[in-house]
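A short write-up of the structure that comes next.
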Amino acid sequence: MIVNKISVMVGGEAGAGITRSGFLFAKACLRGGLHVFGTNDYQSLIRGGHNFYVARADAEKIYSQADTIDLLLALNKETIRLHKDGLVPGGGIVYDEEEITLRAEELNRNDLKLYSVPLKGVVKELEGPLIMRNTVALGAAVALVDYDLEILSGVIRDAFKPKVAELNVKAAKMGYDYARQHYAGNFEYRLERTSSTGKREMLLTGSEAVGLGAIRAGCKFYAAYPMTPATPLLHFMAPLDKEYGLIVIQAENEIAAINMVAGAFFAGVRSMTATSGGGFCLMSEGVGMTGMTETPAVILLAQRPGPSTGLPTYSGQEDLRFAIHASQGEFPRVVVAPGDVEECFYKTMEAFNLAEKFQIPVILIADKYLVESHGAAELFDQNRIGIDRGLLLTEDEYMGDGEYKRHKFTEDGVSPRALPGMRGAIVRTNADEHDEVGYTTDDPELTTKMVDKRFKKLDALIKELENYETTKVYGPVEADVTILGWGSTKGAIREATKLLGKEGLNVNYLQIVYLNPFPVANVQRILKSAKKTVVVENNKTSQLSSLIREHLLMPVDNKILKYNGRPFNPRELSRKIKRVL
Amino acid sequence: MVTLEDLKTPTKNTWCPGCGNFGILMGFKGALVQLGIERDQVVLVSGIGCHGKMVNYVNVNGFHGIHGRVLPLATGVKLANPNLTVVGFAGDADCYDEGWGHFSHAIRRNIDITLIVHNNMVLGLTTGQTTATSQKGFKTKSTPFGSIPPALNPVAHALVSNGTFVARGYSGDMRHLTSLIVEAVKHRGFAFLDVLQPCVTFNYLNTYDWFKDRVYKLEDEGHDVTDKMKALEKSFEWGDKIPIGVFYQEERPTYLDGLPHLAGKPLVRQKVEGVDIKALMEDLT
Numbered sequence: 339m340i341v342n343k344i345s346v347m348v349g350g351e352a353g354a355g356i357t358r359s360g361f362l363f364a365k366a367c368l369r370g371g372l373h374v375f376g377t378n379d380y381q382s383l384i385r386g387g388h389n390f391y392v393a394r395a396d397a398e399k400i401y402s403q404a405d406t407i408d409l410l411l412a413l414n415k416e417t418i419r420l421h422k423d424g425l426v427p428g429g430g431i432v433y434d435e436e437e438i439t440l441r442a443e444e445l446n447r448n449d450l451k452l453y454s455v456p457l458k459g460v461v462k463e464l465e466g467p468l469i470m471r472n473t474v475a476l477g478a479a480v481a482l483v484d485y486d487l488e489i490l491s492g493v494i495r496d497a498f499k500p501k502v503a504e505l506n507v508k509a510a511k512m513g514y515d516y517a518r519q520h521y522a523g524n525f526e527y528r529l530e531r532t533s534s535t536g537k538r539e540m541l542l543t544g545s546e547a548v549g550l551g552a553i554r555a556g557c558k559f560y561a562a563y564p565m566t567p568a569t570p571l572l573h574f575m576a577p578l579d580k581e582y583g584l585i586v587i588q589a590e591n592e593i594a595a596i597n598m599v600a601g602a603f604f605a606g607v608r609s610m611t612a613t614s615g616g617g618f619c620l621m622s623e624g625v626g627m628t629g630m631t632e633t634p635a636v637i638l639l640a641q642r643p644g645p646s647t648g649l650p651t652y653s654g655q656e657d658l659r660f661a662i663h664a665s666q667g668e669f670p671r672v673v674v675a676p677g678d679v680e681e682c683f684y685k686t687m688e689a690f691n692l693a694e695k696f697q698i699p700v701i702l703i704a705d706k707y708l709v710e711s712h713g714a715a716e717l718f719d720q721n722r723i724g725i726d727r728g729l730l731l732t733e734d735e736y737m738g739d740g741e742y743k744r745h746k747f748t749e750d751g752v753s754p755r756a757l758p759g760m761r762g763a764i765v766r767t768n769a770d771e772h773d774e775v776g777y778t779t780d781d782p783e784l785t786t787k788m789v790d791k792r793f794k795k796l797d798a799l800i801k802e803l804e805n806y807e808t809t810k811v812y813g814p815v816e817a818d819v820t821i822l823g824w825g826s827t828k829g830a831i832r833e834a835t836k837l838l839g840k841e842g843l844n845v846n847y848l849q850i851v852y853l854n855p856f857p858v859a860n861v862q863r864i865l866k867s868a869k870k871t872v873v874v875e876n877n878k879t880s881q882l883s884s885l886i887r888e889h890l891l892m893p894v895d896n897k898i899l900k901y902n903g904r905p906f907n908p909r910e911l912s913r914k915i916k917r918v919l
Numbered sequence: 005m006v007t008l009e010d011l012k013t014p015t016k017n018t019w020c021p022g023c024g025n026f027g028i029l030m031g032f033k034g035a036l037v038q039l040g041i042e043r044d045q046v047v048l049v050s051g052i053g054c055h056g057k058m059v060n061y062v063n064v065n066g067f068h069g070i071h072g073r074v075l076p077l078a079t080g081v082k083l084a085n086p087n088l089t090v091v092g093f094a095g096d097a098d099c100y101d102e103g104w105g106h107f108s109h110a111i112r113r114n115i116d117i118t119l120i121v122h123n124n125m126v127l128g129l130t131t132g133q134t135t136a137t138s139q140k141g142f143k144t145k146s147t148p149f150g151s152i153p154p155a156l157n158p159v160a161h162a163l164v165s166n167g168t169f170v171a172r173g174y175s176g177d178m179r180h181l182t183s184l185i186v187e188a189v190k191h192r193g194f195a196f197l198d199v200l201q202p203c204v205t206f207n208y209l210n211t212y213d214w215f216k217d218r219v220y221k222l223e224d225e226g227h228d229v230t231d232k233m234k235a236l237e238k239s240f241e242w243g244d245k246i247p248i249g250v251f252y253q254e255e256r257p258t259y260l261d262g263l264p265h266l267a268g269k270p271l272v273r274q275k276v277e278g279v280d281i282k283a284l285m286e287d288l289t
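Set out below in structure tokens:
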């Protein structure tokens, strides 16, 4: 019997409520005190096709999806065809024989346990909508693993409006009763209420964590154009406008979004936008404008794979170089890559501080896997990162000596920032090269001075980042192998290093959180003592390796690259690491 | 009270002698003096082109942005701080070519800003190419055999985009232009003012003489600014007679009126520190 270690997949057509029901199962596990992780996989369509959600629960801390499935809730036959080989020996399938005929030769797996449950029959009996089949399956799943139905009912009640909730609770109960009656004790896997996590945890996506960070950081203006996988942040922010005094505006395109953000930040309001690669292309000129005009900006770039449209609903890490270099000309910027939901929150708060303190654009780079997967986390510490608005003049009247100069030359390049509307100050900035007051210039000496001024801020920024956790090391300080990565590969890498550790291998992991400016000293320190290095990335050209070569003049020993739109799984990754050793 | 002298800047004007932009510059300064708006409460947003230099020539707050993006930039400024008087300046290429995608959206949102387009029907700063408002057959370096499509009609577009203040001025008639700018800035909502403005270097066709014989004032004909269909009809008048003045004006709730939770609490006055997200986090447990 396997207790408190399970991976459950819900699969079916788009529009069948797959993500929602998978999430409800994950949440029910979370509320029972288990560690959970949930991730979805869907195609770029609204009806039909194939979607799935994998909810993983464990008594031990987990950080990623698993390699295999233990229980499959199949709402159509396609799901079984596609995923039967992903099931562990002795794994189970919940399906409805009224809708799906399973022939032994088709299945070709006589080890599997088949649990037919009248999903459609129950829905009919309750006179509910067909989409409710998934809730019946959830109830059956809870019975199969001998878990607590009350927890699931509570989760359902929190997720739906009362009338719909009660119907779903009934559906779950009927699925539960049917499975108990027919299959009690038949399945090898069990889930039990436990206190593994110890504390009450949230189950949230990277998007939601970024949104919470933005709200806490005092972001009041959010402008965006919908683009997968950045859209959920727009959906998160939009309903909060009244309670938190925000404006959330759907711009006509990404060019408008970044320019609106620049305008609002210029006027003194913490502002943000989010997009994916295609939209970020459109924003590029605007990003450069914020650099030139020294206007703060915070941008979430949620990556998906491929040039052009690529795989619009899948995950990749191909835009790191793009984020670092987007726009013509040279100017300082920050590129920071959170690797889990906690970092999504804290790095967003840091992003707003850095943007205002150095009056530069800050790009939070994430990917579909991070912004759409559900990770568990304790309630975030609202006070870990304070609010630092830098040299912002907030008085009603300008009291400085002489004329206000928006781009005044200073020792560290950062000019005190007055806001338009402040009495006695004329705030003028310019996308053309300009003098201290903001008037256009093409004077060669002044141009040199202005470029130097902007780059003095880079020196100051690098110094400031010495106080930030720009890199993190997991595992032993001295290791035989050092894995390097950035962003969402974190979960799979942490689990893979743990698996390798159990096999007696001495592995550690260097996560590079701030990628621009590159944390040269920190990376150097680790790499100097590393015996063997392996870079893990979701791209073809290993952009992180190229950054390491560029900044440290050091090659890395091995690269493990995956660029099919799918994130790494822990066992897959640990096998690949062993192979390169 | 702000004076013309206050609005002067120390920068050297680099427009061609006789440029139609001077009329707009003087008209705008005159309007600010008439309106009595303090210069630190005005934000001038400009794009790229000869018009863009307005930021250098008027001593008010300014953001000289990138080509075509005056409207979203001005939108961001105004939504952040509605107490500011935000006036966007764009050129015909800036607004009707590069930035055309923003035009109808800014108009239909009815954000309380003013857009003044320096419409000289040619690209000046890039030394003379055709623009969206160049007339069919107009020969330039980029259209040596004459522009093939007909000119775009910004006034008609503004009307069908549900503009609440749609007007056209002529920079050769500064007094009239000044009063139009005053009306535009005073209008509560999005005010669009297209200004016919001769480019003395690159537009050999639409010259001061050409305009002088053609422009007439709508108000002289007793045009009813509340009659939208009539305004639309007038917007198609172009040739021997070209109407200037206010085509159409109506009162309609602004974008911010649609966000009553911000009434009296503009974004810039909201507290940045101490936003409590505990309840949001609890909802996720």
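Chains A and B supply the protein sequences, listed in that same order. Residue numbering for the first sequence follows our numbering, beginning at 339 and increasing consecutively. Residue numbering for the second sequence follows our numbering, beginning at 5 and increasing consecutively. Note that the Cβ used here is the ideal one computed from N, Cα and C, for glycine as well.
Whether residue i touches residue j by CB criterion (9 Å)
| i | j | result |
| --- | --- | --- |
| B:Phe26 | B:Leu48 | no |
| A:Asp434 | A:Val455 | yes |
| B:Val74 | B:Arg43 | no |
| A:Ile585 | B:Leu266 | yes |
| A:Gly648 | A:Gly903 | yes |
| B:Thr168 | B:Gly193 | yes |
| B:Leu156 | B:Trp104 | yes |
| A:Ile637 | A:Ile725 | no |
| B:Leu8 | B:Gly40 | no |
| A:Gly759 | B:Asn87 | yes |
| A:Ala704 | A:Ser609 | no |
Cβ neighbours of residue i in the same chain (closer than 6 Å, five flanking residues each side left out)
| i | result |
| --- | --- |
| B:Thr118 | Val91, Ala188, Val189 and Ala195 |
| A:Thr835 | Gly813, Val845 and Tyr847 |
| A:Asp484 | Arg528 |
| A:Leu731 | Pro754 and Ala756 |
| A:Asn875 | Note that residue 875 of chain A is Glu in the sequence shown, not Asn. Once the five neighbours on either side are set aside, the close Cβ partners of A:Glu875 are Gln655, Leu882 and Leu899. |
| A:Ile438 | Lys415 |
| B:Gln139 | Ala155 |
beta-carbon residue i near the ligand GTP non-hydrogen atom, thresh 8 Å
| i | result |
| --- | --- |
| B:Ile185 | As far as ligands go, the structure on display features none, and thus does not contain the ligand GTP. |
Contacting residues, own chain, Cβ-Cβ under 8 Å from residue i (five flanking each side not counted)
| i | result |
| --- | --- |
| A:Leu505 | Leu464, Gly466 and Met470 |
| A:Lys580 | none |
Supposed contact pair residue j and residue i - C-beta distance, whole angstroms, cut 8 Å
| i | j | result |
| --- | --- | --- |
| A:Ile384 | A:Ala352 | 6 Å |
| A:Val548 | A:Ala510 | About 32 Å separates the two Cβ atoms, so there is no contact after all. |
| B:Leu127 | B:Ala97 | 5 Å |
Same chain, Cβ closer than 7 Å to residue i, neighbours up to 5 away in sequence not counted
| i | result |
| --- | --- |
| B:Asn166 | Ile111 and Arg112 |
| A:Ile764 | Tyr742 |
| A:Phe856 | Leu885 and His889 |
Q. Curious, which full-length beta strand (DSSP E) runs of at least 3 residues does the segment 756-780 of chain A contain?
A. 766-768
Q. Should the segment 785-796 of chain A be regarded as contacting the segment 27-35 of chain B, the criterion being three or more beta carbon pairs within less than 8 Å?
A. no
Q: Could you tell me whether the segment 846-863 of chain A touches the segment 740-754 of chain A, where touching means 3 or more Cβ pairs closer than 8 Å?
A: no
Q | Entirely enclosed alpha helix (DSSP H) segments - the segment 143-204 of chain B, minimum 4 residues | A | 158-164 and 178-190
Q.
Please give me, in chain order, every unbroken run of the beta strand (DSSP E) with length at least 3 that falls completely inside the segment 234-280 of chain B.
A. 246-253
Q.
Three Cβ pairs or more, each shorter than 8 Å: is that satisfied between the segment 169-177 of chain B and the segment 71-85 of chain B?
A. no
Q: Assess, as a yes-or-no matter, whether the segment 896-914 of chain A is touched by the segment 133-148 of chain B under the definition of 3 or more beta carbon pairs within less than 8 Å.
A: no
Q. Going along the chain, which unbroken runs of the alpha helix (DSSP H) with 4 or more residues stay wholly within the segment 818-880 of chain A?
A. 828-840 and 858-867
Q: Can you check the segment 11-52 of chain B for any beta strand (DSSP E) of at least 3 residues that lies completely inside it and give the ranges in chain order?
A: 46-50
Q) Hey, is the segment 671-682 of chain A in contact with the segment 507-524 of chain A, meaning 3+ C-beta pairs nearer than 8 Å? A) no
Q. Counting pairs of beta carbons, one from the segment 343-351 of chain A and one from the segment 404-411 of chain A, are three or more of them closer than 8 Å?
A. yes
Q. Do the segment 651-671 of chain A and the segment 608-619 of chain A make contact, defined as three or more Cβ pairs closer than 8 Å?
A. yes
Q: Determine, using beta-carbon pairs with one atom in the segment 534-551 of chain A and one in the segment 490-505 of chain A, whether at least three such pairs fall under 8 Å.
A: no
(Q) Suppose only complete runs of 4+ residues qualify. What are the alpha helix (DSSP H) ranges in the segment 523-604 of chain A, listed by chain order? (A) 544-554, 569-575, 579-582 and 592-604
Q. Pairing CB atoms from the segment 245-265 of chain B with CB atoms from the segment 220-230 of chain B, are three or more of them under 8 Å?
A. yes
**Q.** the segment 566-581 of chain A contacting the segment 704-723 of chain A, beta-carbon criterion three pairs below 8 Å
**A.** yes
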